[in-house]
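Chains A and B, in that order, are what the protein sequence lines are. Here full-length UniProt numbering is used: the first residue of the first sequence is 1, the next is one more, and so on. Here full-length UniProt numbering is used: the first residue of the second sequence is 1, the next is one more, and so on. No residue lacks a Cβ here, since even glycine has one placed at the ideal position from N, Cα and C. Values in this document were obtained by computation on a predicted structure and should not be read as measured data.
There are 2 protein chains.
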Amino acid sequence: MPEDKAPIDPWGSTLPADYETLMREFGIEPMTEEIISAFPSTHRLLRRRVEFGHRDITRILDALKRNGAYAVMSGIKPTGDFHLGTMMTAEEIIFYQSLSDKAVAHYCIADLEALADNGIPLEESHGIAVGNVADLLALGLDARRAYIYKQSEEKLVQRMAFVFSTAVTFNTLEAIYGPKHIKYYFSALIQVGDIMLPQTEEHGGPKPVLVPVGIDQDPHIRLSRDIAKKFKLVPPSAVFHKLTRSLLGEEKMSKRNPMSMMTLSDDPRLAERKIWSALTGGRGTVEEQRRLGGEPEKCVVFELMTNHFIEDDDELRKVYLECKTGARLCGDCKSQLADVVSRFLMRHQERKEGLMDLARSILEGGGWTRKA
Amino acid sequence: MPEDKAPIDPWGSTLPADYETLMREFGIEPMTEEIISAFPSTHRLLRRRVEFGHRDITRILDALKRNGAYAVMSGIKPTGDFHLGTMMTAEEIIFYQSLSDKAVAHYCIADLEALADNGIPLEESHGIAVGNVADLLALGLDARRAYIYKQSEEKLVQRMAFVFSTAVTFNTLEAIYGPKHIKYYFSALIQVGDIMLPQTEEHGGPKPVLVPVGIDQDPHIRLSRDIAKKFKLVPPSAVFHKLTRSLLGEEKMSKRNPMSMMTLSDDPRLAERKIWSALTGGRGTVEEQRRLGGEPEKCVVFELMTNHFIEDDDELRKVYLECKTGARLCGDCKSQLADVVSRFLMRHQERKEGLMDLARSILEGGGWTRKA
Chain A
1 MPEDKAPIDP
11 WGSTLPADYE
21 TLMREFGIEP
31 MTEEIISAFP
41 STHRLLRRRV
51 EFGHRDITRI
61 LDALKRNGAY
71 AVMSGIKPTG
81 DFHLGTMMTA
91 EEIIFYQSLS
101 DKAVAHYCIA
111 DLEALADNGI
121 PLEESHGIAV
131 GNVADLLALG
141 LDARRAYIYK
151 QSEEKLVQRM
161 AFVFSTAVTF
171 NTLEAIYGPK
181 HIKYYFSALI
191 QVGDIMLPQT
201 EEHGGPKPVL
211 VPVGIDQDPH
221 IRLSRDIAKK
231 FKLVPPSAVF
241 HKLTRSLLGE
251 EKMSKRNPMS
261 MMTLSDDPRL
271 AERKIWSALT
281 GGRGTVEEQR
291 RLGGEPEKCV
301 VFELMTNHFI
311 EDDDELRKVY
321 LECKTGARLC
331 GDCKSQLADV
341 VSRFLMRHQE
351 RKEGLMDLAR
361 SILEGGGWTR
371 KA
Chain B
1 MPEDKAPIDP
11 WGSTLPADYE
21 TLMREFGIEP
31 MTEEIISAFP
41 STHRLLRRRV
51 EFGHRDITRI
61 LDALKRNGAY
71 AVMSGIKPTG
81 DFHLGTMMTA
91 EEIIFYQSLS
101 DKAVAHYCIA
111 DLEALADNGI
121 PLEESHGIAV
131 GNVADLLALG
141 LDARRAYIYK
151 QSEEKLVQRM
161 AFVFSTAVTF
171 NTLEAIYGPK
181 HIKYYFSALI
191 QVGDIMLPQT
201 EEHGGPKPVL
211 VPVGIDQDPH
221 IRLSRDIAKK
231 FKLVPPSAVF
241 HKLTRSLLGE
251 EKMSKRNPMS
261 MMTLSDDPRL
271 AERKIWSALT
281 GGRGTVEEQR
291 RLGGEPEKCV
301 VFELMTNHFI
311 EDDDELRKVY
321 LECKTGARLC
331 GDCKSQLADV
341 VSRFLMRHQE
351 RKEGLMDLAR
361 SILEGGGWTR
371 KA
């Protein structure tokens, strides 16, 4: 069974060396042109194969075709500000929610995990979560078709985790996650609860659910699909995106190293400085770079342009070609990106400020905007 | 470490062969005359050593001495009517609550376990729980100093279970419970959450907690005490009672075999019939019994008298001696007990009927009577 291969670690912080091997090993399907063009609209993350793979995405395409209900779900551990990695997931939720007025977005604030893993008290994570939700709204989530909830307040998730535990063996958990401390298995079952929440009676019953994730989260997807079959639920679909690297290039971007990541709350001038010190695909000297061209494949600055900051495909292609041919130096790219990013951050932060009250009222009012 | 011995099984249904061996192995203290007389009042279960052992009961005695707060906690899986086994725990809660106006009783309706283990939907177990709570009130619980809650509605318990999971290893769980399916470990952590609930900030913070249990539940007590130390909580105390045998004598009384148990909802005439067919310590023939005397130690009818239905110690002693000397036959005992039991059931059922609305309002009103 392909689902029993050596596990990848959703709690780790290393970048997978080779996405294609992982896909083959775990049976993740490639994101093909055919699939991409079947969506009613498009997104740079799809077009540029930042979303490179999926499981069962056709369930979502089918729902779109027959104008049926589906959900898109994700979540965040409220330990700090949105960074570029969490922003990518947010953008995906927003995109897949925007495709149909039958689509509902579910967003989980994993405050229990922040408590258990990071020792952050619930009162503290609540404040962080308000900011996270305001970020999500500022990026464009339609709050009228979204259920945003804190794990600590959502009894249905806890209940499901407990019920699901009756149908899972240690063998399955070890095959999927490797041998781990029990807290990780506990946490995994709660995350399966989060993924299944859109299919509860209280949320309209069984339906396709799309979970946009980094490939490191695939174990949760596989466990969820396994459990869904046992409880007559629709096995959730997933789209997989490449992990956002740290600005310094080595690890996936995470909250563990604030100096190597960019948050949406960074002062725009600080963000510019971070870009100026980011890893590039530049050569040792200007002369060499003019002669050999740069290496955009290795360049974090080019990755930021690709993933987040250059919308126009032609413009991105131009940057790529100019780099490859040595017509453009790293300073040109950094200057261009710094400019785009600082303008983006200023606009975003202003928009976010105006949405803090709505974010608070959603979190304190039971998750649905219409009840707030 | 005595806590690492071959485990006893809280989910099994066999009677422990030898209480004394178990006590020695697991470090349970005997219930001594000195302890019993230190309580401000007395109870037949204590005097007759039906409560035969304890852990750390001196914490409760100390609290009583200095008029400090303490809690007494237990719970029920809402799968059916109160039977004599669950009634015993109820009587203990009521007794230990009655000793001080600083004592609060916590009573957990383990509806998540009824769902996960027995497949009973929450709506169904709610109805059963209302009856269980009415039984508890009819037996004498002071609802003004009681917190009665459903697991499925109590977020604090879920939260603690998750946090506690971070501090427990598989080794510990296996040492305490033996190798088990993960659902049992999950359930164990939730039960530890239940046991710790009285010590949360929301319930007044750390304090002594007394848990009256059958010895088969000791693993939960040991796990709780282990975890309490890690989270700066007071290790809970326990009193252990002998398990109530089935009317037919072989197993512990449980809801699994309705024909061998007596419930508080039994029609009094049915209860009488059950008593007439119960196991006794009688001999093969009347002649033999007159000559050798009966064996009250083996007799379920005598056990029912001892545990539940004869309050007066002298009267019980008289029954015992008459049996041992052959002056009394099994029919005499059965007739006497049937009479007491049917009168008890009639009175109890009438009282319970009048408390159903209060029970419902407690369960639907957030657990505290004063809020109902």
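Under the Cβ criterion of 9 Å, Phe162 (chain A) is counted among the residues facing chain B. The Cβ neighbour count for Pro40 (chain B), taken over all protein chains shown within 10 Å, is under 16; the residue is labelled exposed.
Contact annotation for Thr169 (chain A) against chain B: His181, Ile182 [CB-CB distance below 9 Å, chain order]. Flagged as an interface residue toward chain A: Gln158 (chain B), by a C-beta distance shorter than 9 Å. Straight-line spacing of the CA atoms in Gly131 (chain B) and Ala359 (chain B) works out to 7 Å. In the DSSP assignment, Lys150 (chain B) falls within the unbroken beta strand (DSSP E) covering 146-150. Annotation for Ala69 (chain A): Lys102, Lys207 place their beta carbon closer than 6 Å to its own, counting only its chain and skipping 5 residues before and after. Around Ala116 (chain B), the beta-carbon contacts reaching into chain A at under 8 Å are Phe162, Val163, Ser165, Thr166. Within the segment 88-113 of chain B, Leu112, Glu113 place their CB atoms closer than 9 Å to a CB of chain A, listed in sequence order. At least one CB of chain A lies nearer than 9 Å to the CB of Phe186 (chain B). The residues Ile36, in chain order, have a CB closer than 8 Å to that of Thr42 (chain B) in the same chain once the five nearest residues on each side in sequence are set aside. Not one beta carbon of chain A lies nearer than 9 Å to the beta carbon of Glu202 (chain B). Listed along the chain, the chain A residues whose CB falls inside 8 Å of the CB of Ile190 (chain B) are Phe162.
Taking a C-beta cut-off of 8 Å against chain A, the contacting residues of the segment 138-156 of chain B are Ser152, Glu153, Lys155, listed in chain order. Judged by DSSP in its simplified three-state form, Cys108 (chain A) adopts strand. As summarised for the segment 180-231 of chain A, the continuous alpha helix (DSSP H) elements at least 4 residues long and confined to that stretch are 182-196, 218-230, given in chain order.
By the 16-neighbour rule on beta-carbons within 10 angstroms, Thr244 (chain B) is buried.
A direct Cα-Cα distance of roughly 36 Å separates Ile275 (chain B) from Gly27 (chain B). Residue pairing by DSSP places Phe240 (chain A) opposite A:Gly53, A:Val213 in a beta bridge. C-alpha of Cys108 (chain A) to C-alpha of Gln217 (chain B): approximately 36 Å in a straight line. Distance from Leu363 (chain A) to Lys150 (chain A) at the Cβ level is roughly 6 Å; contact confirmed, criterion being Cβ atoms closer than 8 Å.
The Cβ atoms of Gln97 (chain B) and Ala105 (chain B) lie closer than 9 Å to each other. Of all C-beta pairs linking the segment 162-173 of chain B to the segment 112-131 of chain B, fewer than three are shorter than 8 Å, placing the two stretches out of contact. The shortest C-alpha to C-alpha distance from Ile93 (chain A) to any of A:Ile148, A:Ser152, A:Ala63, A:Met305 is the one to A:Ile148.
Within the same chain, Tyr70, Pro208 come within 6 Å of Ala63 (chain A) by CB-CB distance, once the 5 residues on both sides are set aside.
Straight across, the Cα-Cα distance linking Glu51 (chain A) with Glu303 (chain A) is about 13 Å.
Listed along the chain, the chain B residues whose CB falls inside 9 Å of the CB of Leu173 (chain A) are Ile182. Check the Cα spacing between Glu20 (chain B) and each of B:His54, B:Leu45, B:Ala38: the tightest is with B:His54.
The shortest C-alpha to C-alpha distance from Val72 (chain A) to any of A:Leu22, A:Ala38, A:Trp11, A:Leu141 is the one to A:Leu141. With respect to the 9 Å criterion, Val301 (chain A) and Leu248 (chain A) are not classified as neighbours on the basis of their beta carbons.
The three-state secondary structure of Pro30 (chain A), taken from DSSP, is strand.
Leaving aside the five residues that flank Ala228 (chain B) on each side, the residues in its chain whose CB is nearer than 6 Å to its CB run, in chain order, Pro235.
The residue among B:Glu288, B:Gly178, B:Arg145, B:Thr166 with its C-alpha nearest the C-alpha of Asp117 (chain A) is B:Thr166.
Of the candidates A:Asp312, A:Arg343, A:Ile215, A:Gln191, the residue whose Cα lies closest to the Cα of Gly75 (chain A) is A:Gln191.
Less than 9 Å separates the beta-carbon of Glu353 (chain B) from that of Ala134 (chain B). When secondary structure is reduced to three states using DSSP, His83 (chain A) falls in the strand class.
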